[in-house]
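In full-length UniProt numbering, the protein residues as written are 1 to 388.
Note that CB positions come from ideal geometry on N, CA and C, so glycine has one too.
The model shown is predicted, which means the values in this text are computed figures rather than measured ones.
Here is the structure we will look at.
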Amino acid sequence: MKKIYYLYIALALAIFIRLFFLFFPGHVMDINTFVHWGEIIYQKGFFSLYGVNFFQNVDYPPLVPYIVSQWIKIMPFADHAFLFKFFVLVIDLAIVWMIFRKSLANNVSLVLASVAIISLPLAIDGSLWGQVDNLAFLLLIISFGFLIEKKNYLSLLFLIVAILAKPHAMIAVPVYFLFFIKQGFKKIYLPTLCSLGFVALLILLFNYFSGGNLLDSFTKVVGRYTMLSLNAFNVWWIIYGAESWNIADTQKFGFLTYRQVSEIIFIILFIPIAIRIVKEKVISDKIFLYSALTYLMFFMFLTEMHERYLYLAVAFLTIFVLVDKKYKNIYYLLSATFIVNLILVLQNAFPQFGLDLSWETFSITGVIVGAINLILTGIIYAKVVREN
């Protein structure tokens with residue numbers, strides 16, 4: 001049988017898995033929160049949610065709640081939680097199709113292509129859990145694609161929309177900017193001015209009609225949950241285990257707070273990455289590698305991390321391994337640790353897999369998985385920084 005037929009089988013399996021996940025409860029609290037926001041907009045209008053009387057209770061940019069409200073409007077009598085999960089499924093399927101097309105365009109092994117197409121950890125985060133990290137990823141991928149093609153207006157537009165979909169899409173901005181400026185001032189100044197003008201207009205219109213500040217949905221995310229780790233199996237979980245839930249990142253760690261220490265570590269580690277990007281001669285698919293590593297460092301070293309924040313690192317690496325297979329073993333292992341992190345957290349919060357999971361097992365497993373993640377981070381970091 002020709003390779004392409006096996007890839008179509010992998011595509012069919014990826015679709016089946018996501019449809020199967022659709023019928024699990026998922027993360028009920030996350031789903032109900034999105035549905036609640038969408039219902040408020042559907043019933044009372046956009047600014048009933050984002051007006052000054054309610055806005056302070058919404059720690060999320062407006063794009064997803066608005067989309068959910070319109071999704072409900074199409075089928076108001078359907079079960080809204082199921083409807084929301086179906087919306088997430090649609091985005092998941094778009095990503096699967098994109099990865100499938102990328103697999104066909106590159107000469108990679110059948111095993112690697114199949115694992116990438118199925119993308120089990122991405123399916124768990126999206127179609128099973130019911131989160132919309134996939135929407136930010138899809139928009140960022142489109143933005144990066146237009147950047148590689150030097151279609152700057154469209155690229156910047158999709159970057160802005162990605163940030164409006166998910167606040168931590170902003171972590172991709174430094175990598176994006178360092179590639180973007182390679183085109184030279186003459187090619188970027190006008191698209192940049194137009195984009196800044198568009199953002200300013202959004203902020204002014206939002207303020208005028210709601211009386212609130214659009215930027216609050218981004219700035220108030222930081223510090224809303226002050227735990228060292230919110231179930232992210234990262235360096236803080238390695239050090240403190242489940243106790244990282246009970247330690248505020250505003251506490252002192254020497255002369256600085258934990259949050260400040262984590263931010264300094266991230267910045268120091270990013271500087272060599274920035275230097276490597278500056279040395280790149282062209283805008284290429286390497287933007288996916290640098291983005292994956294940046295998000296991996298973001299997940300591993302910053303405080304206040306949720307388990308799901310590993311999504312964009314794994315997702316970007318999924319795209320890049322189809323271009324450069326020397327990172328495939330890291331990709332396999334990182335995908336596996338992400339699956340474990342997601343399943344353990346989901347089972348602990350809303351049991352649905354029939355697992356007998358004690359808090360001690362959860363904590364110890366997290367330390368082991370976190371240690372593996374740290375080793376993988378070190379390996380990929382060394383590869384990138386030392387690359388000629």
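query: Can you find at least 3 beta carbon pairs, one from the stretch 234 to 247 and one from the stretch 71 to 88, that sit closer than 8 Å?
result: no
query: Going straight from the alpha carbon of PRO65 to that of LEU204, what length do you get?
result: On the sequence shown, residue 65 is found 65 positions in, with the first residue counted as 1. On the sequence shown, residue 204 is found 204 positions in, with the first residue counted as 1. Roughly 20 Å between the two C-alpha positions.
message: With three or more C-beta pairs closer than 8 Å as the rule, is the stretch 4 to 11 touching the stretch 93 to 103?
response: yes
- request: Specify, as a first and last residue, the run of the alpha helix (DSSP H) that GLY184 falls within.
  value: If you number the sequence shown from 1, residue 184 lands on position 184. No alpha helix (DSSP H) contains GLY184, which DSSP labels as neither H nor E.
- prompt: Quick one, which of VAL90, SER335, SER358, ILE277 has its alpha-carbon nearest ALA315's?
  reply: Mapped onto the sequence shown, residue 315 falls at position 315. With distances taken between Cα atoms, ALA315 lies closest to SER335.
query: Hey, is LEU156 close to the ligand FAD, as in C-beta under 7 Å from one of its heavy atoms?
result: As far as ligands go, the structure on display features none, and thus does not contain the ligand FAD.
Spatial distance of GLY197 from GLY26 (CA atoms): In the sequence shown, residue 197 corresponds to position 197, counting from 1. In the sequence shown, residue 26 corresponds to position 26, counting from 1. The straight-line gap from Cα to Cα measures roughly 39 Å.
task: Alpha carbon to alpha carbon, how far is ILE380 from ALA136? Give it in angstroms, no decimals.
output: In the sequence shown, the residue the question calls residue 136 occupies position 136. In the sequence shown, the residue the question calls residue 380 occupies position 380. Taking the straight line joining both Cα atoms gives about 23 Å.
message: Is the beta carbon of PRO61 closer than 8 Å to that of PRO167?
response: Within the sequence shown, residue 167 is the residue found at index 167, counting from 1. Within the sequence shown, residue 61 is the residue found at index 61, counting from 1. Yes, these two residues count as a Cβ contact at 8 Å.
field: CA-to-CA distance, GLU263 to LEU386, given in whole angstroms
entry: For the purposes of this step, residue 386 is taken as the residue at position 386 of the sequence shown. For the purposes of this step, residue 263 is taken as the residue at position 263 of the sequence shown. The amino acid occupying residue 386 in the given sequence is Arg; Leu does not appear at that position. Between ARG386 and GLU263, the C-alpha separation is close to 23 Å.
message: Distance check for PRO351 and ILE188, CA to CA, integer angstroms please.
response: By one-based count along the sequence shown, residue 188 stands at place 188. By one-based count along the sequence shown, residue 351 stands at place 351. Answer to the nearest angstrom: the Cα atoms are 50 Å apart.
- request: Would you check if the stretch 154 to 163 and the stretch 111 to 129 touch, i.e. whether three or more CB-CB distances between them fall below 8 Å?
  value: no
- request: Work out the CA separation of PHE353 and VAL175 for me, nearest whole Å.
  value: By 1-based counting over the sequence shown, the position of residue 175 is 175. By 1-based counting over the sequence shown, the position of residue 353 is 353. So the two alpha carbons sit approximately 38 Å from each other.
message: To the nearest angstrom, how far is the alpha carbon of ALA165 from that of ILE268?
response: As a first step, residue 165 is located in the sequence shown; it is residue number 165 there, counting from the start. As a first step, residue 268 is located in the sequence shown; it is residue number 268 there, counting from the start. Going from the Cα of ALA165 to the Cα of ILE268 covers about 28 Å.
- prompt: Who are the Cβ neighbours of SER143 in its own chain at under 7 Å, not counting the five residues just before and after it?
  reply: Here residue 143 refers to the residue found at position 143 when the sequence shown is read from its first residue. Closer than 7 Å at Cβ, skipping near neighbours: SER155, PHE158, LEU159, ALA162.
message: Looking at chain C, is there any beta carbon in it that lies within less than 8 Å of the beta carbon of SER284?
response: Of the protein chains in the structure, only one exists, and it is not chain C.
- prompt: Is HIS27 helix, strand or coil when you go by DSSP?
  reply: Stepping through the sequence shown from its first residue, residue 27 is reached at position 27. In the structure shown, HIS27 sits in coil (DSSP, three-state: anything other than H, G, I, E or B).
message: Residues in the same chain with beta-carbon distance under 6 Å from TYR153, minus the five sequence neighbours each way, listed in chain order, please.
response: The sequence position of residue 153 within the sequence shown is 153, counting from 1. Contacts found: PRO191.
- prompt: In chain order, which continuous runs of the beta strand (DSSP E) of length 3 or greater are located wholly inside the stretch 207 to 293?
  reply: none
field: Burial state of ASN134 (16 or more Cβ within 10 Å)
entry: Here residue 134 is taken as the residue at index 134 of the sequence shown, counted from 1. Result: buried.
field: Beta-carbon proximity check, ILE148 vs ILE283, cutoff 8 Å
entry: Along the sequence shown, one-based indexing puts residue 148 at 148. Along the sequence shown, one-based indexing puts residue 283 at 283. Yes. Within cutoff.
query: Under the DSSP definition of a beta bridge, which residues are partnered with MET305?
result: As a first step, residue 305 must be located in the sequence shown, where it is residue number 305. DSSP lists SER229 as partners of MET305.
Close Cβ partners of MET170 (< 6 Å) along its chain, the five nearest in sequence each way excluded: If you number the sequence shown from 1, residue 170 lands on position 170. These residues qualify, in order along the chain: ILE163.
field: Cβ-Cβ separation, VAL321 to TYR331 (assumed contact under 8 Å), whole Å
entry: The sequence position of residue 331 within the sequence shown is 331, counting from 1. The sequence position of residue 321 within the sequence shown is 321, counting from 1. Their Cβ separation, rounded to whole angstroms, is 5 Å, which keeps TYR331 and VAL321 in contact under 8 Å.
query: With contact counted as at least three CB pairs below 8 Å, one residue from each stretch, are the stretch 79 to 92 and the stretch 17 to 33 in contact?
result: yes
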